[in-house]
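Below is one structure, written out as structure tokens, with a few remarks after it.
Protein chains in written order, with the numbering used here: chain A, 11 to 779; chain B, 290 to 917.
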């Protein structure tokens with residue numbers, strides 16, 4: 011297995027030379043990555059695999075594409091022709107930039123004949139895009155062939171000149187050049203609208219899904235073909251019909267009125283490069299197909315064939331509510347097969363370390379501890395039974411760092427605290443302690459607390475990171491090297507002696523970033539702190555010396571979020587470049603790159619078993635990635651705005667997500683289903699957290715409230731086999747019953763929540779007077 | 290709606306004129322119309338693009354406001370050099386000018402004197418970020434502490450009371466707290482009502498507060514009232530307070546317990562001052578109580594001696610204030626109140642005390658009410674007063690009453706008449722217009738005019754200021770009034786302007802104060818200089834100097850001693866008899882409430898007896914001159 015390649019090194023804390031080296035290497039590496047290549051990587055799965063070799067930042071040290079689990083799990087088989095098309099585009103780009111070696115490699119990898127590029131390239135520039143037409147013909151069937159014949163005749167004349175100067179983008183956009191009479195677009199669209207309005211009620215909701223992607227593509231076609239006024243009129247006439255949750259995208263769209271704008275507009279490229287996925291029942295689909303064939307409505311049929319992916323299922327058509335619950339993302343719903351892969355969501359077995367020490371301790375505490383002695387053993391039995399969890403990944407699926415003595419001590423502390431934990435429930439709500447950051451002048455951008463709630467860190471817009479101790483224990487630095495030499499290393503309290511008492515203070519400031527700090531995360535052992543910033547770097551700080559150890563470069567754009575794995579060593583980051591990266595603290599390059607999101611990755615979280623990573627994005631989807639092979643194993647759609655908060659339930663089974671739309675959605679990871687919706691917040695949700703025993707979900711929002719939800723009840727539903735199979739859910743509107751409490755702060759947005767080991771809820775935010 | 294807005298967004302582009310202007314500014318003349326259009330579309334598109342990216346930064350910065358730095362970052366994202374120099378936190382003051390068919394927005398650059406910059410002290414260093422913890426919730430309930438917002442925001446209280454149908458969307462505070470207590474398991478979803486259980490702490494607080502408010506210790510009372518006026522967590526207790534007040538008034542009116550009535554009115558005042566409370570729901574209890582204190586026939590045991598007039602004045606002001614705040618078209622408080630007052634005023638059998646209250650209540654409602662309701666009745670009222678004053682003596686009480694009514698009328702009407710009537714004030718004219726009160730009115734109006742003129746001159750004159758926000762007045766009272774003529778000497782009248790100028794106006798005093806709280810001084814005592822005692826003696830001198838005392842330095846000092854003379858300002862020299870000590874709460878902070886610092890009382894010339902002695906004319910006309 012590939013995973014054995016990971017060296018199990020702990021990062022040397024004091025090795026500044028090492029850090030230097032890493033920084034240097036990272037800089038070199040960062041320079042190599044061309045922005046354009048990155049874009050290509052993220053847009054197409056195949057290009058991803060191949061271009062990784064040339065771009066020199068492959069997924070894993072020894073990986074070659076296809077060696078592990080088949081990379082094609084989330085890739086539609088039907089897209090082969092299209093992929094080839096893209097490959098050609100890449101090749102053209104490389105050739106244009108005189109990267110002949112890369113051309114050679116890519117061509118060999120893709121198995122293209124030597125002359126294919128010339129031929130195809132000439133084809134697309136010369137004869138007016140026979141390529142896509144031909145591809146379309148192969149899978150569109152007889153109807154389409156009729157269509158292409160009829161529509162390709164007029165366009166050949168007009169498009170030749172334009173296509174020549176910008177081969178790369180134009181190849182991508184070229185599909186828009188098939189064009190009917192622009193004046194008829196409105197007629198087509200309103201014809202379809204009329205048809206859908208007259209169909210049976212049960213089909214209407216399903217077919218209405220077609221409106222939005224059709225509208226977008228027709229508009230873009232008009233723009234692409236320089237019918238600016240027609241496009242504007244079209245937009246004005248029909249934009250009001252679209253669902254309100256597409257408003258943000260429509261705003262982007264409406265500002266785009268010229269062909270020149272299309273180049274470099276990422277939203278637009280997303281529309282083109284990813285097919286909009288619709289889920290429609292077979293009956294409804296037949297209905298639509300028949301209508302379009304009868305009417306000879308080729309224009310629309312073309313678009314449906316080329317830009318839409320219709321996921322047809324057998325069975326009852328879905329209701330409007332069911333559709334609305336799942337739609338809203340930039341690229342439609344997730345395909346059903348995208349959520350079919352097996353996910354090992356169970357927890358890893360806890361190492362058995364606690365028994366001897368625990369006993370000792372208890373005896374020290376009280377002598378008549380005979381009856382109590384049995385208790386920890388019973389707990390152990392409980393953790394043993396966890397081992398049989400069929401959903402848990404094997405212990406060594408991902409190599410994890412070995413436990414150090416201090417980790418073991420911490421685990422024991424954790425166990426002890428857990429016995430004193432308050433059982434929460436609807437009748438027993440947690441107390442909330444709120445940490446207000448005063449005088450932050452609106453500059454507080456990120457907060458994190460250590461698991462044992464002893465330290466709190468804040469990231470600020472002025473590029474600083476500040477760490478506070480919230481216990482009476484002050485923060486101390488380690489002594490300087492010269493002073494360390496004088497210490498008696500044999501003494502028992504050497505760990506105490508290395509600390510410099512003079513530096514004790516309640517808070518420390520970490521300087522190093524050159525832009526606002528958007529993400530911050532403590533390592534589980536409290537020795538390190540990660541921060542990600544607008545300057546495109548992630549920095550690792552030592553909490554022993556309060557200095558920066560490493561700057562991880564790779565994201566060339568702002569890094570919105572980062573988080574340590576619950577087992578330490580690994581961490582994940584995601585940012586504006588739409589790629590989530592998995593890192594290990596001792597590697598200056600990422601171990602994995604998770605690409606697939608169509609817009610910024612806004613937040614990243616680790617699964618409690620460290621085998622999976624979840625990312626939320628501005629494209630309004632949530633993706634779950636397998637750390638082992640880098641595959642996307644779940645795509646969750648349903649949010650209507652960028653996702654800003656994610657939280658796994660402590661048992662690893664469920665996921666909660668919050669977005670700018672003010673809703674919290676709950677997901678069953680195993681089944682890949684949405685299981686609940688919590689409405690109530692009126693503004694962006696920035697933080698979510700489950701209580702230690704998963705009974706309560708706390709959410710914190712920009713609307714200055716902390717809300718508590720009954721998580722037990724929310725997840726207590728029977729998913730029969732049918733729903734699991736089709737992925738159709740019927741959400742009850744029971745947010746009000748699930749809401750247990752709502753606590754208003756005094757003009758302080760809640761940007762972080764944390765349950766202490768005893769289930770006290772800590773919240774934090776910056777006070778805005 | 291949304292559709293229209295979207296269309297607008299779609300079509301918004303920069304005007305081509307701006308393109309021309311910008312082109313000219315960089316030396317490109319004669320830009321063609323076509324290129325202008327193309328440019329403006331391109332530029333508009335790019336600006337929109339950047340704005341969208343900037344929004345991303347705003348979201349990740351966890352803010353609601355887009356800042357210039359967001360735009361900088363968005364530019365950086367596009368590999369464009371950010372615009373430097375727009376980091377100003379403040380609004381950029383563009384000025385607008387038009388003329389000659391052109392419109393200009395420009396940045397105003399002021400000339401700055403260098404020495405000014407050098408000499409100005411450095412601004413305070415901004416405070417460093419700090420962390421503060423507090424309890425947002427304890428076992429599911431939110432404690433009412435200053436760190437938390439008031440349990441029910443004032444807006445919501447207002448909505449609740451004015452539009453009961455829209456009340457509380459389920460799932461807000463109350464809903465949560467009900468469920469939190471596990472009583473409502475959601476079997477039947479009743480409309481959530483606010484629970485009226487008070488926690489133990491709240492019960493204790495309520496007990497302490499109410500006891501302090503009606504107790505004998507003035508310092509405690511001041512603290513309690515302060516707490517009522519500022520504490521954010523009183524919403525739950527509001528029904529209790531209002532019942533307490535209404536019951537208290539009911540009982541004490543019967544008992545003629547003037548002191549308690551005053552305390553209760555001060556509680557009303559404090560409740561109204563609390564910025565987090567909205568009293569509308571409890572007006573049905575509070576208004577009758579207040580009106581009772583205005584118009585009740587008898588408020589004290591010895592109507593000839595006790596100063597129940599001050600209470601009536603104070604309550605009338607409260608009434609006016611609540612009319613101003615709560616009167617809406619649905620509840621019609623103001624018109625109903627006005628009707629009530631007018632009706633009992635018009636009744637011939639109404640006693641002088643009630644009559645006084647009615648007039649005071651009406652007069653406080655503002656000059657418009659005076660003009661339409663009081664002025665037309667001056668003649669009738671004058672005749673009535675004349676009958677009492679000059680007719681056969683019926684009873685002393687009636688006489689005092691008539692006297693007060695007269696001064697009240699003069700006080701309120703003079704300023705209104707001064708504004709209404711043209712300049713030459715002819716006594717005969719007044720007599721024909723207003724009857725018996727005519728001549729007196731005439732002199733008051735003239736005084737009002739001169740005062741207005743003088744004040745216009747003195748706008749910039751330095752004034753001494755009394756700086757504490759809530760002066761508490763303690764009246765010393767001898768009880769023996771024989772030597773001073775018909776009127777009781779115990780009046781302390783806080784000038785009406787005080788109530789309007791300061792947030793917490795001077796309150797009427799209690800008639801029999803604890804002995805520890807006042808100092809009695811002989812007229813000629815010169816020892817007062819260190820105590821900053823102001824003696825107000827009543828005399829005729831009416832030089833309208835605005836005078837007050839600065840007290841920021843002293844923590845707790847007896848400050849103002851008011852003396853009220855006996856007869857209505859007929860004799861010029863009259864020995865002083867009484868002092869009223871004003872004790873200042875130690876917390877008086879001078880600079881925080883600039884509004885309350887100036888008391889433009891037309892207090893006459895300071896006299897010379899060591900301490901600052903302010904003489905106050907008892908003649909009502911003086912007060913009428915005070916502007917408000």
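Note that CB positions come from ideal geometry on N, CA and C, so glycine has one too.
Taking 8 Å as the threshold (beta carbon to beta carbon), is residue i in contact with chain A?
{"i": "residue 330 (chain B)", "result": "yes"}
{"i": "residue 632 (chain B)", "result": "no"}
{"i": "residue 427 (chain B)", "result": "yes"}
{"i": "residue 692 (chain B)", "result": "no"}
{"i": "residue 307 (chain B)", "result": "no"}
{"i": "residue 563 (chain B)", "result": "no"}
{"i": "residue 418 (chain B)", "result": "yes"}
{"i": "residue 673 (chain B)", "result": "no"}
Can you tell me whether residue i is buried or exposed, with buried defined as 16 or more other CB within 10 angstroms of its CB?
{"i": "residue 609 (chain B)", "result": "buried"}
{"i": "residue 303 (chain A)", "result": "exposed"}
{"i": "residue 225 (chain A)", "result": "buried"}
{"i": "residue 712 (chain B)", "result": "exposed"}
{"i": "residue 821 (chain B)", "result": "A caution first: residue 821 (chain B) carries a pLDDT of 40, below 50, which makes its placement in the model unreliable, though a value can still be read off. So residue 821 (chain B) counts as buried."}
{"i": "residue 740 (chain B)", "result": "buried"}
{"i": "residue 493 (chain B)", "result": "exposed"}
{"i": "residue 521 (chain A)", "result": "exposed"}
{"i": "residue 502 (chain A)", "result": "exposed"}
{"i": "residue 394 (chain B)", "result": "exposed"}
{"i": "residue 333 (chain A)", "result": "buried"}
Establish whether the CB of residue i and some CB of chain B are separated by less than 8 Å.
{"i": "residue 308 (chain A)", "result": "no"}
{"i": "residue 443 (chain A)", "result": "yes"}
{"i": "residue 446 (chain A)", "result": "yes"}
{"i": "residue 567 (chain A)", "result": "yes"}
Among the residues of its own chain, which have a CB less than 7 Å from the CB of residue i, if the five just before and after it don't count?
{"i": "residue 656 (chain B)", "result": "705"}
{"i": "residue 616 (chain B)", "result": "622 and 623"}
{"i": "residue 587 (chain A)", "result": "48, 565, 566 and 567"}
Roughly how many angstroms separate the alpha carbons of residue i and residue j, rounded to a whole number?
{"i": "residue 714 (chain A)", "j": "residue 696 (chain A)", "result": "11 Å"}
{"i": "residue 511 (chain A)", "j": "residue 429 (chain A)", "result": "34 Å"}
{"i": "residue 308 (chain B)", "j": "residue 329 (chain B)", "result": "6 Å"}
{"i": "residue 671 (chain B)", "j": "residue 716 (chain B)", "result": "15 Å"}
{"i": "residue 603 (chain A)", "j": "residue 290 (chain A)", "result": "32 Å"}
{"i": "residue 531 (chain A)", "j": "residue 337 (chain A)", "result": "32 Å"}
{"i": "residue 357 (chain B)", "j": "residue 363 (chain B)", "result": "10 Å"}
Which residues in the same chain as residue i place their Cβ atom closer than 6 Å to its Cβ, once the five residues preceding and following it in sequence are excluded?
{"i": "residue 490 (chain A)", "result": "none"}
{"i": "residue 763 (chain A)", "result": "697, 699, 708, 710 and 773"}
{"i": "residue 551 (chain A)", "result": "520, 539 and 558"}
{"i": "residue 120 (chain A)", "result": "97"}
Ordered along the chain, which non-local residues of its own chain (more than five positions away) have a Cβ less than 8 Å from that of residue i?
{"i": "residue 747 (chain A)", "result": "720 and 723"}
#### Entry: Within the region 679-727 of chain B, ranges of the beta strand (DSSP E) (whole runs, at least 3 residues)
none
### Query
Which full runs of the alpha helix (DSSP H) of 4+ residues lie inside the region 442-515 of chain A, going along the chain?
491-495 and 504-507
### Task
Note down, one range per segment and in chain order, each beta strand (DSSP E) of at least 3 residues found wholly within the region 606-666 of chain B.
none
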